[in-house]
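Working notes for the structure below.
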Amino acid sequence: GAVVSQHPSWVICKSGTSVKIECRSLDFQATTMFWYRQFPKQSLMLMATSNEGSKATYEQGVEKDKFLINHASLTLSTLTVTSAHPEDSSFYICSAELGSHSNTEAFFGQGTRLTVV
Amino acid sequence: SQQGEEDPQALSIQEGENATMNCSYKTSINNLQWYRQNSGRGLVHLILIRSNEREKHSGRLRVTLDTSKKSSSLLITASRAADTASYFCATTKTSYDKVIFGPGTSLSVIP
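Protein chains in written order, with my numbering: chain Z, 169 to 285; chain W, 26 to 136.
Have a look at this one:
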């Protein structure tokens, strides 16, 4: 089946630094990818929709200048957490849809656990 | 914003019993998916049910969908301790659309 690969699976960074998370569709092209964030004991919340070749669409309350999204190719989207702070510590996960017409299915990456110290 | 609600929020049962989790959503959907997530880990896809389907089975899992009531249920039969996890329903409104997750049900299966 289709695979979405996310890297790194975990990262620890110092407060004030930036962290880049990669999301790749391994055996299919994805013009659209999605980024989610999950805080402990909570559900996954959509952060933004990543569109290949154009600007990302951010959900209300998500700072676009803090969470930079680049979707430069049909198989790669990146999320950069800029000037990270401890409150940005979370589980970040991406997804891409595969299918045709009305029969599509979402495939998720393994997730990235970010800890800002 | 999240699509709907799940109940119960937490469920604790004895090994061997059946577990039923319910999910409601607010808008029309293209499909509904159920996922499992072990603590601190990634998502495991369980079942996808399309809007024109009413019931699907996969092993010990049974999912129903009632589009008139905008609700779905996940039944796990003969539960095992390894089934302990959080379970999320998730919906898409159209194809190639974002997935919206419910708040999830935390299931504990006691050996």
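Every residue gets a Cβ at the ideal spot worked out from N, C-alpha and C, and that includes glycine.
Cut-off 7 Å between Cβ atoms - residues of its own chain near K118(W), not counting five sequence neighbours on either side: T52, S53, I54 and N55
Residue-level contact to chain W via CB, E265(Z), 8 Å cutoff: yes
Strand pairing of G267(Z), partner residues [DSSP]: T272(Z)
Assumed close pair R144(W), L71(W) - CB separation to whole angstroms, cut-off 8 Å: Missing from the structure shown is residue 144(W); chain W here goes from 26 to 136 and no further.
Whether F259(Z) touches G279(Z) by CB criterion (8 Å): yes
Contact with chain W by G221(Z), beta-carbon distance below 8 Å: no
Euclidean distance between Cα positions of G267(Z) and F275(Z): 11 Å
Closer than 7 Å: P176(Z) CB and nearest the ligand ZN heavy atom: As presented, the structure is devoid of all ligands, the ligand ZN included, so that no description of it is given.
Test: I261(Z) CB closer than 8 Å to a CB of chain W: yes
Residues near R89(W) in its chain [Cβ-Cβ closer than 7 Å; skip 5 each side]: According to the sequence provided, residue 89(W) is Thr. The question's Arg does not apply to it. Cβ within range, chain order: R79, E80, S97 and S98.
7 Å Cβ shell around V134(W) - same chain, five flanking residues per side excluded: I38, E40, S104, R105, A106, D108 and T109
Cβ of Q27(W) within 8 Å of any chain Z Cβ: Here Q27(W) scores only 48 on pLDDT, less than 50, and its place in the model is too uncertain to base an answer on.
Residues that I237(Z) bridges to, as DSSP identifies them: L247(Z)
Within-8 Å CB hit, Q34(W) to chain Z: no
Cβ-based contacts, 9 Å cut-off: residues of the region 117 to 129 of chain W near chain Z: T117, T119, S120, Y121, D122, K123, V124, I125, F126, G127, P128 and G129
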